[in-house]
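Trainee:
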Amino acid sequence: MKVKVGIMSFAHLHADSYAHCLKTNPRAEFVGIADHDRQRAQAKAEQYGVALFDSYEALLASEVQAVIICSENAKHAQLAQMAAAAGKHILCEKPLMTRLEDGKAMLAAAQGAGVHLFTAFPCRFSPAFQKMKQLIDAGTIGELLALRGTNRGSNPGGWFNDLELAGGGAMIDHTVHVADLIRLLTGQEIATVYAETSNQMFHGNYDDTALLTLTLQNELFATLDASWSRPKTFPTWGDVTLTAIGTKGIIEMDMFAQYLLHYDDRAGRIKQVFWGDNIDALMIDEFLRVVAGEPRCVIATGEDGYRAAAVALAGYESVRRGEPVTVAYE
Amino acid sequence: MVKVGIVGLGTMGRQHMDAYLQMPDVEVAGVYDHHPDRAEAFRQQYDVPVASSFNALLECCEIIDICTPTYRHAEYALPAIEAGKAVVCEKPLARTIEDCERIAEAVHKHNTLFMPAHVLRFFPEFRMAHQLIRNGAIGTPAIIRTRRGGDFPITKSDWYADFEKSGGVILDLIIHDFDWLRWTLGEVERVYAKALTFRKLNHLDYTLVTLRFQNGTIAHVEGTWCDPGGFRVTLEACGDAGMLEYDSAQQVALRLATRADEGSAGGVQVPESPAVENPYYLELRHFVDCYKTGATPELTVTDGVEAVRIALMAIESARTGRVVKR
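So the sequences go chain by chain: A and B. The C-terminal position of the first sequence is numbered 692 in my numbering, with every residue numbered one higher than the one before it. The C-terminal position of the second sequence is numbered 334 in my numbering, with every residue numbered one higher than the one before it.
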């Protein structure tokens with residue numbers, strides 16, 4: 363039995379990758395698309411050869427068992443609550459929410475309806491990260507002392523630069539992946555955040571540069587660069603890196619450093635051509651398995667998404683107060 | 009011939025000696041170390057006169073070059089300044105801001121030709137990066153990241169491991185980056201830092217420092233004495249019109265790999281990329297030229313004081329958990 367899945371909104375650019383994963387995964391039946399942007403919905407339905415639904419309600423009234431939500435960040439809460447009320451399992455794009463109360467409402471709605479709510483954190487599935495976690499768990503670098511992470515990208519533009527719809531700028535966009543990896547690696551919650559932000563890359567009313575310092579338990583500390591600092595001529599979209607410092611050594615992970623460099627005369631630029639595993643496909647595959655009744659292994663829960671987003675929100679609170687703040691999870 | 013005297017005959021004393029040996033107009037007229045056996049080993053290696061005391065060194069030299077451990081800089085710098093010598097002093101200028109200010113005061117009082125030896129400014133890659141950024145190559149700088157370090161520096165006296173003497177990885181090592189960033193971006197507004205420095209771990213030190221400059225630029229400086237993988241320096245400067253990137257582990261003009269001898273380990277790592285003139289030579293040549301021509305060195309005592317001030321702000325932040333403002 364294939365798992366019937368619909369996509370709610372293509373506002374987030376990751377929707378195309380997930381749509382492709384659904385089309386190519388033998389466990390999936392990609393049923394259709396709904397989007398508050400009707401033109402976009404129509405174009406995407408044609409592109410993927412799937413049904414076009416007139417409304418989110420119509421999609422949720424269909425036979426789909428699960429939905430992937432790729433709307434603007436601020437709309438996740440409403441769509442997730444609608445999907446939960448309709449008894450559909452949910453995979454929600456990150457960041458899970460732009461306000462703590464929205465996240466709480468999403469978690470409560472999913473729990474109340476007895477549906478799965480997952481957060482799209484594909485970096486968890488990276489073989490490089492999984493190997494790093496194994497090495498640390500095995501004590502290869504001794505006691506963990508510090509972590510240094512980056513998730514830099516270029517400015518996605520559009521609604522990502524709208525504080526209402528995105529809930530912030532670079533910091534809310536790019537804090538959550540690595541915050542999630544740090545939680546997973548350490549088994550600890552991030553306790554405090556200090557953040558510096560600026561808008562000196564794009565000079566807008568949003569943060570395009572963000573540097574966070576995090577503390578965990580046992581004096582463990584980390585920094586995380588969440589800036590949209592990759593220039594237009596950068597050979598790829600950005601990076602996810604995490605370095606672990608231990609009493610016996612260090613591990614440096616550069617998640618997407620599996621590429622050929624292509625000096626492309628026709629395009630007039632140099633490009634990284636990635637040859638590593640498709641982590642979106644690995645995540646979608648587990649999503650489909652869990653919806654079909656198999657146990658969860660790696661995929662991030664709604665709670666994981668909530669806790670990672672809370673770190674980004676604490677970053678904004680730190681910037682407002684000009685000092686380190688305790689992360690508010692409640 | 010310009011007569012130079014070197015005090016402190018460890019790793020940096022040797023680096024400087026090697027540089028002076030390439031200068032036909034310089035004579036190392038004397039050297040001094042308060043450890044007689046270290047002075048004797050130096051004499052045997054270089055065939056230079058060992059002064060019987062620091063005062064004797066002052067009497068035979070025009071320029072005093074201070075290469076002692078950080079906590080002894082003021083002890084040698086102050087009498088050299090008082091004696092009217094030109095003084096070049098290894099970084100950091102001193103272990104405490106009080107010592108820095110005493111040195112600065114003496115320099116001003118005696119109108120001394122003085123240079124803190126922040127050699128990074130003479131590393132061609134960092135010099136070029138500074139010039140490119142100042143000339144607008146990346147537009148307005150938004151965020152600059154640097155990384156510096158390798159394994160823990162181990163010497164006979166193990167003074168690097170004594171925070172009261174060395175100031176740990178923040179004061180001893182990444183002061184290079186603090187000086188370069190200040191040279192490139194201007195004054196710092198506030199600093200926030202985390203470090204292993206106060207955990208009293210055995211020969212491990214590591215820090216992640218966030219700096220906010222008055223021009224709005226954010227900087228992230230990583231300093232490590234925790235990386236057994238060898239000394240590595242990286243620089244990434246991002247602005248609204250582009251980015252500059254340097255990684256000493258990626259851009260290697262010459263690579264040598266040999267099997268280690270038994271029992272070889274430790275030491276203080278001095279990075280090197282093949283060049284006609286190494287940065288230590290360029291730095292000391294610049295100072296000798298200033299001495300001969302009366303020109304003002306590119307680096308003044310104020311630069312030395314301010315770099316130490318930034319490092320001490322980072323140390324204070326790491327110790328207290330608070331943001332430290334200038």
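Where a beta carbon is used, it is the ideal one built from N, C-alpha and C, also for glycine. Only a predicted model underlies this, so the values are computations on that prediction, with no experimental measurement involved.
(1) Would you say Pro597 (chain A) reaches chain D, if we count a Cβ-Cβ gap shorter than 8 Å as a contact?
(2) Quick check: the Cα distance between Ala257 (chain B) and Val241 (chain B), rounded to an integer number of angstroms?
(3) Please list, in chain order, all residues of the same chain as Val689 (chain A) whose beta carbon is under 7 Å from its beta carbon, the five residues on each side excluded.
(4) So what's Pro686 (chain A) in DSSP terms, helix, strand or just coil?
(5) Cutting at 7 Å between CB atoms, please list the residues of its own chain near Met20 (chain B), excluding the five before and the five after it.
(6) Within its chain, find whatever has a CB closer than 7 Å to the CB of Val36 (chain B); leave out the 5 residues flanking it on each side and keep chain order.
(7) Against Tyr556 (chain A), what residues of chain B qualify as contacts under a CB-to-CB distance less than 8 Å, listed in chain order?
(8) So, helix, strand or coil for Ile452 (chain A), using DSSP?
(9) Are there three or more Cβ pairs, one per stretch, closer than 8 Å when the stretch 591-598 of chain A is compared with the stretch 236-253 of chain B?
(10) Alpha carbons only, please: which of A:Gln579, A:Leu582 and A:Gly531 is nearest the one belonging to Glu346 (chain A)?
(11) Could you check whether the Cβ of Tyr230 (chain B) sits closer than 8 Å to any Cβ belonging to chain A?
(12) Along the alpha helix (DSSP H) that carries Arg22 (chain B), what are the first and last residues, could you check?
(13) Please compile the residues from chain A whose C-beta is within a distance smaller than 8 Å of the C-beta of Tyr341 (chain B).
(14) My output table needs one value for Gly519 (chain A): the three-state DSSP class, helix, strand or coil.
(15) So which of B:Asn223, B:His184 and B:Phe239 has the shortest CA-CA distance to Val229 (chain B)?
(16) Give me the DSSP bridge partner(s) of Pro149 (chain B).
(17) Roughly how many angstroms lie between the CA atoms of Asp666 (chain A) and Asp542 (chain A), to the nearest whole one?
(18) With 8 Å as the threshold, decide whether the Cβ of Met251 (chain B) is near any Cβ in chain A.
(19) Given this structure, state the Cα-to-Cα distance separating Met645 (chain A) from Asp378 (chain A), to the nearest angstrom.
(20) Does the distance from the CB of Ile704 (chain A) to the CB of Tyr168 (chain B) come in under 8 Å?
(21) Taking 6 Å as the limit between beta carbons, can you name the residues of its chain near Val681 (chain A), skipping five residues before and five after?
(22) Which value, in whole angstroms, describes the spacing of the CA atoms of Gln23 (chain B) and Gln562 (chain A)?
(23) Taking the DSSP output, what are the residues bridged to Ile14 (chain B)?
(24) State the Cα-Cα distance for the pair Cys69 (chain B) and Gly504 (chain A), rounded to the nearest angstrom.
(25) By alpha-carbon positions, which one of A:Asp626, A:Thr386, A:Ile613 and A:Cys432 ends up nearest to Ala647 (chain A)?
(26) Examine chain B for any beta-carbon lying closer than 8 Å to the beta-carbon of Glu679 (chain A), and answer yes or no.
(27) Compare the C-beta of Pro236 (chain B) against all C-beta atoms of chain A and say whether one is closer than 8 Å.
(28) Starting from Arg220 (chain B), trace the beta strand (DSSP E) both ways and give me its first and last residue.
(29) Is the CB of Pro686 (chain A) under 8 Å away from at least one CB in chain B?
(30) Once the 5 residues before and after Val652 (chain A) are set aside, which same chain residues still bring their CB inside 7 Å of it?
(31) Which chain B residues are close to Glu581 (chain A), counting only those with a beta carbon under 8 Å from its beta carbon?
(32) Please say whether Val602 (chain A) and Cys432 (chain A) have beta carbons closer to each other than 8 Å?
(33) Let me make sure I understand the geometry here. Which of A:Ile544, A:Asp569, A:Met468 and A:Arg510 has the alpha-carbon closest to that of Ser516 (chain A)?
(34) Quick check on the DSSP output: the beta strand (DSSP E) that includes Ala102 (chain B) runs from which residue to which?
(35) Decide if Val538 (chain A) is buried, meaning its Cβ has at least 16 other Cβ atoms within 10 Å, or exposed.
(36) Cβ of Pro457 (chain A) less than 8 Å from any chain B Cβ?
Mentor: Result, derived from the coordinates:
(1) Looking for chain D here will not work: the only protein chains present are A and B.
(2) What you label residue 257 (chain B) is simply residue 249 of the second sequence in a count that begins at 1. What you label residue 241 (chain B) is simply residue 233 of the second sequence in a count that begins at 1. Near 7 Å, if we compare the C-alpha coordinates of Val241 (chain B) and Ala257 (chain B).
(3) Stepping through the first sequence from its first residue, residue 689 (chain A) is reached at position 327. Contacts found: Ile552, Ala553, Thr554, Val555, Ala672, Val673 and Ala676.
(4) Residue numbering aside, residue 686 (chain A) sits at position 324 when the first sequence is read from its first letter. Residue state, collapsed to three classes: coil.
(5) Here the question's residue 20 (chain B) lines up with position 12 in the second sequence. Around Met20 (chain B): Cys75 and Glu98.
(6) Numbered from its first residue, the second sequence carries residue 36 (chain B) at position 28. So the qualifying residues of the chain are Val12, Ile14, Met25, Tyr28 and Val56.
(7) Along the first sequence, one-based indexing puts residue 556 (chain A) at 194. Going along chain B in sequence order, the residues near Tyr556 (chain A) (Cβ under 8 Å) are Tyr200, Thr218 and Val331.
(8) On the first sequence, residue 452 (chain A) is found 90 positions in, with the first residue counted as 1. Ile452 (chain A) carries a strand assignment under DSSP once its states are collapsed to helix, strand and coil.
(9) Taking 8 Å as the limit for Cβ pairs, the verdict is that the stretch 236-253 of chain B does touch the stretch 591-598 of chain A.
(10) No information on residue 346 (chain A) is available, as it lies outside the stretch 363 to 692 that chain A covers here.
(11) Here the question's residue 230 (chain B) lines up with position 222 in the second sequence. The amino acid at residue 230 (chain B) is misidentified as Tyr; the sequence shows Glu. Any Cβ of chain A closer than 8 Å to the Cβ of Glu230 (chain B) would place that residue at the interface, and such an atom is present.
(12) Numbered from its first residue, the second sequence carries residue 22 (chain B) at position 14. Per DSSP, Arg22 (chain B) belongs to the alpha helix (DSSP H) from Thr19 to Leu29.
(13) Nothing in the structure corresponds to residue 341 (chain B), since chain B is present only between 9 and 334.
(14) For the purposes of this step, residue 519 (chain A) is taken as the residue at position 157 of the first sequence. Three-state DSSP puts Gly519 (chain A) in coil, outside helix and strand.
(15) Within the second sequence, the letter at position 221 stands for residue 229 (chain B). Measuring from the Cα of Val229 (chain B), the nearest candidate turns out to be B:His184.
(16) The residue labelled residue 149 (chain B) in the question sits at position 141 within the second sequence. Looking at the DSSP assignment, Pro149 (chain B) forms a beta bridge with B:Gly247.
(17) As a working note, residue 666 (chain A) is residue 304 in the first sequence. As a working note, residue 542 (chain A) is residue 180 in the first sequence. C-alpha separation (whole angstroms): 7 Å.
(18) The count along the second sequence starts at 1 and reaches residue 251 (chain B) at position 243. For Met251 (chain B), the answer is yes, since a Cβ of chain A falls inside 8 Å of its Cβ.
(19) One-based indexing of the first sequence puts residue 645 (chain A) at position 283. One-based indexing of the first sequence puts residue 378 (chain A) at position 16. Taking the straight line from one Cα to the other gives about 14 Å.
(20) No information on residue 704 (chain A) is available, as it lies outside the stretch 363 to 692 that chain A covers here.
(21) As a working note, residue 681 (chain A) is residue 319 in the first sequence. Counting only Cβ-Cβ distances below 6 Å, and skipping sequence neighbours, we find Ala557 and Thr559.
(22) Position 15 of the second sequence, counting from 1, holds the residue named residue 23 (chain B). Position 200 of the first sequence, counting from 1, holds the residue named residue 562 (chain A). Cα to Cα, the separation comes out at about 40 Å.
(23) Along the second sequence, read from residue 1 onward, the residue named residue 14 (chain B) stands at position 6. DSSP, once it has assigned bridges, lists B:Val39 and B:Asp73 as partnering Ile14 (chain B).
(24) One-based indexing of the second sequence puts residue 69 (chain B) at position 61. One-based indexing of the first sequence puts residue 504 (chain A) at position 142. The alpha-carbon atoms of Cys69 (chain B) and Gly504 (chain A) are separated by roughly 51 Å.
(25) Translated into the one-based positions of the first sequence, residue 647 (chain A) becomes position 285. In the sequence under discussion, the amino acid at residue 647 (chain A) is Asp, which differs from the Ala named in the question. The shortest Cα separation from Asp647 (chain A) among A:Asp626, A:Thr386, A:Ile613 and A:Cys432 belongs to A:Thr386.
(26) To locate residue 679 (chain A), count along the first sequence from 1; it is residue 317. So, not an interface residue.
(27) Position 228 of the second sequence, counting from 1, holds the residue named residue 236 (chain B). By this cut-off, Pro236 (chain B) is an interface position.
(28) For the purposes of this step, residue 220 (chain B) is identified with residue 212 of the second sequence, where counting begins at 1. Arg220 (chain B) -> beta strand (DSSP E) spans Asp213 to Phe221.
(29) As a first step, residue 686 (chain A) is located in the first sequence; it is residue number 324 there, counting from the start. Answer yes: the Cβ-Cβ gap between Pro686 (chain A) and chain B drops below 8 Å somewhere.
(30) As a position in the first sequence, residue 652 (chain A) is number 290, starting the count at 1. His478, Arg658 and Ile661.
(31) Looking up residue 581 (chain A) in the first sequence gives position 219. The contacting residues are Arg207.
(32) As a position in the first sequence, residue 432 (chain A) is number 70, starting the count at 1. As a position in the first sequence, residue 602 (chain A) is number 240, starting the count at 1. In this structure, Val602 (chain A) does not lie closer than 8 Å to Cys432 (chain A) by Cβ.
(33) Counting from one through the first sequence, the residue named residue 516 (chain A) turns up at place 154. Per the Cα distances, A:Asp569.
(34) Translated into the one-based positions of the second sequence, residue 102 (chain B) becomes position 94. Taken as a continuous stretch (DSSP letters only), Ala102 (chain B) belongs to no beta strand (DSSP E), as it is neither H nor E.
(35) Against the first sequence, residue 538 (chain A) aligns to sequence position 176. Buried, since its Cβ has 16 or more Cβ neighbours within 10 Å.
(36) The sequence position of residue 457 (chain A) within the first sequence is 95, counting from 1. False, the Cβ-Cβ gap to chain B never drops below 8 Å.
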